[in-house]
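Just so you know, we're using our numbering here: the sequence shown kicks off at 865 and counts up by one.
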Amino acid sequence: MKKPVRVWSQDRRKRHGVVAGSYDEAIQKGAAKLGLPDPTEVTIVLEEDGTVVDDDYWETIAPDTKLVLLASGEAWRPSPLSVPSNLLVVSDETDGSVNEEQKAQTLLNAIHENPASVALLSLSDLEIIKDARINTTDSSMQLQELCIEFYIKKKKEAEAMEFVDLLKERLKGNDD
């Protein structure tokens, strides 16, 4: 019996819906949707707590379960923020994708409803808004400008964190 599940990347930036009848099919379809290079090296875990899903456990999971697909070398980490579902751009189509302009408009509509929610957007969502051609109201254009400023700030923070991680690795290597 096929069941729909939600497959997420390790960083939770990519999220797709797939329908799979088996554990192996979930890995194959999920890895393809998320752009993971080698499906044979993928591990599936529950998004909520990192429990490893194997062929037997697959049979017990409920439809619409959130799963994280980990590539070789990746480890499950708890989500840094709980992101409200109205801010998620999720593709439940197994063979299609949502237009980037539609994603941007959906995100901007959510921000119109709750302006503070801009703080919960991922860097990739902010980039979608940044790159979109907004042809609607002045308020949408103002929100886009705000998102661009926030994108720049978040991008700098992400680069700083990458630098810190590199330093940690370098220092750890020197200790050995």
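Beta carbons: idealized from backbone N, C-alpha and C, even for Gly.
The beta carbons of K867 and A884 sit closer together than 8 Å. The DSSP-derived three-state label of W872 is strand. In the three-state DSSP reduction, G885 falls in the coil class, being neither helix nor strand. Separation of the CB atoms of L971 and L985 is rounded to 7 Å, and the pair is thereby assigned contact status at 8 Å. Here L910 is actually not in contact with A935; their C-beta atoms are around 17 Å apart, not less than 8 Å. Shortest Cα-Cα distance from N963 to any of R997, N978, I975 involves R997. I975 is classed as buried because its beta carbon has at least 16 other beta carbons within 10 Å across all chains shown.
Residues of the same chain with a CB within less than 6 Å of the CB of A939, apart from the 5 flanking positions on each side, do not exist.
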